[in-house]
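In the UniProt record's numbering, the protein residues as written are 1 to 121.
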């Protein structure tokens, strides 16, 4: 995370806590996400591109495009098993980011980006 003139700028690989809306969109819950985009994207568009992170191990939707993080405790996640969902991406403004939890390891991030490319390119 970088602070520029009282504006907090997050960096790619940062794990942040964000509000995820429920399907009825009247309420939300706080969930972790990883920032995928470079700071240049934020400077240009005012938003970050993120991927969702979940601890739901028994999901019926589990598929090969869900990456299990190797090191969760050192990046600020409280559950031992966490999966990044590179097929669940979204953009978010910095004012909606609640806080930074940590930063993903370079290895884990590269694995997520590889899956992202497999899905979308």
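Heads up, the beta-carbon is just placed ideally off N, CA and C, and yes, glycines get one too.
Limits of the unbroken beta strand (DSSP E) element including residue i
| i | result |
| --- | --- |
| residue 53 | 48-54 |
| residue 90 | 83-92 |
For residue i, the residue or residues it bridges with in DSSP
| i | result |
| --- | --- |
| residue 99 | 17 |
| residue 68 | 83 |
C-beta atoms of residue i and residue j nearer than 9 angstroms
| i | j | result |
| --- | --- | --- |
| residue 49 | residue 67 | no |
| residue 116 | residue 52 | no |
| residue 55 | residue 81 | yes |
Unbroken alpha helix (DSSP H) run spanning residue i, endpoints
| i | result |
| --- | --- |
| residue 31 | Counting along the chain, residue 31 falls outside any alpha helix (DSSP H), though it belongs to the beta strand (DSSP E) covering 28-35. |
| residue 116 | 106-120 |
| residue 44 | 39-45 |
Inter-residue Cα distance where the pair is residue i and residue j
| i | j | result |
| --- | --- | --- |
| residue 10 | residue 46 | 12 angstroms |
| residue 32 | residue 113 | 17 angstroms |
| residue 8 | residue 28 | 23 angstroms |
| residue 106 | residue 13 | 8 angstroms |
| residue 64 | residue 15 | 22 angstroms |
| residue 102 | residue 93 | 18 angstroms |
| residue 98 | residue 30 | 8 angstroms |
| residue 121 | residue 40 | 21 angstroms |
| residue 118 | residue 44 | 26 angstroms |
| residue 110 | residue 104 | 10 angstroms |
Nearest to residue i (by Cα), restricted to the options the options
| i | options | result |
| --- | --- | --- |
| residue 21 | 103, 118, 96 | 96 |
| residue 87 | 27, 12, 34 | 34 |
| residue 108 | 71, 121, 80 | 71 |
| residue 90 | 36, 99, 98 | 36 |
Cβ-heavy atom distance, residue i to the ligand MN, below 8 angstroms
| i | result |
| --- | --- |
| residue 37 | In the structure shown, the ligand MN is absent, as is every other ligand, since no ligand is present at all. |
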